[in-house]
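As numbered in the working numbering, the sequence shown has no gaps in its residue numbers, which increase by one up to the final residue, 327. Note that CB positions come from ideal geometry on N, CA and C, so glycine has one too. See structure below.
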Amino acid sequence: TPFMPKSIAAKNLLRGRIAKFIVRLLFERSGYQVLSFGGTGTAEYLQGLPINSRVPERIRFAPSYVVTGIEGRGPLLVEVRFIGREASGRNVESTMSRLGRLWPEAALVVVEASQPYFTAGLIAEFRRGSELQDIEDFLTIKPEALREARALVREFLSR
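Structure (structure tokens):
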């Protein structure tokens, strides 16, 4: 962000990427297939093209992953966000607003630096007033995968 010192912005970017990687491991170790999907760097290639639509914005703000192998459900678009100890939650609120507009069928996984560490929910349900829930209430997560993911959050993101 323009008002944040570069070292803080870089640190937050790195923490966000670590959080996404931890969520990917959590899903994969729980038996799901995970495909990277988000196009943060892709929209810049579309700038200047004569596209009169929301396509560049949708690509730029696409969810992080497509998760498949979920029993009784088709592919799930998943956006991951990290909230540090000092965070205000604005990051999650703006993500929810943007996803609700561009990707209402997506889910959000929030990684926090403290317990419960992982919460999740469908954007459409959240917009109707539902709260995010513990991730193991949202999807079937193997207990050993969750223990490992929580340990990684404590080691890399809770300091």
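Could you round the C-beta distance between lysine 188 and serine 232 to whole angstroms and report it? I think they count as a contact, below 8 Å. On the sequence shown, residue 188 is found 20 positions in, with the first residue counted as 1. On the sequence shown, residue 232 is found 64 positions in, with the first residue counted as 1. About 5 Å separates the two Cβ atoms, so the contact holds.
Between the C-alpha atoms of glutamate 239 and alanine 317, what's the straight-line distance to the nearest angstrom? By one-based count along the sequence shown, residue 239 stands at place 71. By one-based count along the sequence shown, residue 317 stands at place 149. Alanine 317 has its alpha-carbon roughly 22 Å from the corresponding atom of glutamate 239.
By the 10 Å Cβ neighbour count, where 16 or more other Cβ atoms means buried, how is threonine 287 classified, buried or exposed? Your numbering for residue 287 matches position 119 in the sequence shown. Around the beta carbon of threonine 287, 16 or more other beta carbons sit within 10 angstroms, so the residue counts as buried.
Pairwise C-alpha distance: isoleucine 190 and leucine 320: Taking the first residue of the sequence shown as 1, we reach residue 320 at position 152. Taking the first residue of the sequence shown as 1, we reach residue 190 at position 22. Leucine 320 and isoleucine 190: Cα-Cα distance of roughly 7 Å.
Would you report the Cα separation of tyrosine 200 and aspartate 305, rounded to the nearest angstrom? Here residue 200 is taken as the residue at index 32 of the sequence shown, counted from 1. Here residue 305 is taken as the residue at index 137 of the sequence shown, counted from 1. When rounded, the distance between both Cα atoms is 16 Å.
Assuming phenylalanine 286 is part of the beta strand (DSSP E), what are its boundary residues? Counted from its first residue, the sequence shown places residue 286 at position 118. It spans 286-290 - the beta strand (DSSP E) in which phenylalanine 286 sits, taken as one unbroken run.
Given this structure, state the Cα-to-Cα distance separating glutamate 312 from leucine 245, to the nearest angstrom. Stepping through the sequence shown from its first residue, residue 312 is reached at position 144. Stepping through the sequence shown from its first residue, residue 245 is reached at position 77. Spanning the alpha carbons of glutamate 312 and leucine 245 requires a straight line of approximately 24 Å.
Using 8 Å for Cβ pairs, my map puts alanine 230 next to glycine 206. What's the rounded Cβ distance? Along the sequence shown, read from residue 1 onward, the residue named residue 230 stands at position 62. Along the sequence shown, read from residue 1 onward, the residue named residue 206 stands at position 38. About 5 Å; that satisfies the 8 Å criterion.
Identify the residues that DSSP records as bridge partners of arginine 249: which are they? Numbered from its first residue, the sequence shown carries residue 249 at position 81. Arginine 249 is bridged by DSSP to Val278.
How would you write the range of the beta strand (DSSP E) that leucine 203 sits in, first residue to last? Numbered from 1 along the sequence shown, position 35 holds the residue referred to as residue 203. That run of the beta strand (DSSP E) goes 201-204.
CB-CB length for glutamate 247 against threonine 263, believed under 8 Å: For this step, residue 247 is matched to residue 79 along the sequence shown. For this step, residue 263 is matched to residue 95 along the sequence shown. For a cut-off of 8 Å, the C-beta gap from glutamate 247 to threonine 263 is around 6 Å, short enough to register as a contact.
Is arginine 183 near phenylalanine 250, with beta carbons less than 8 Å apart? As a working mapping, residue 183 is identified with position 15 in the sequence shown. As a working mapping, residue 250 is identified with position 82 in the sequence shown. Yes, they are a contact pair.
Tell me the DSSP bridge mates of threonine 236? Here residue 236 refers to the residue found at position 68 when the sequence shown is read from its first residue. According to the DSSP secondary-structure assignment, threonine 236 is paired through a beta bridge with Gln201.
Nearest-angstrom Cα distance between isoleucine 176 and glutamate 261? Residue 176 sits at position 8 when you count from the first residue of the sequence shown. Residue 261 sits at position 93 when you count from the first residue of the sequence shown. Cα to Cα, isoleucine 176 sits roughly 20 Å from glutamate 261.
Proximal residues to proline 243 (C-beta, below 6 Å), its chain only, five neighbours per side dropped: As a working note, residue 243 is residue 75 in the sequence shown. Here the set comprises Val234 and Thr236.
Per DSSP, what kind of secondary structure is leucine 325 in: helix, strand or coil? Here residue 325 is taken as the residue at index 157 of the sequence shown, counted from 1. Here leucine 325 carries a coil assignment [DSSP, helix/strand/coil].
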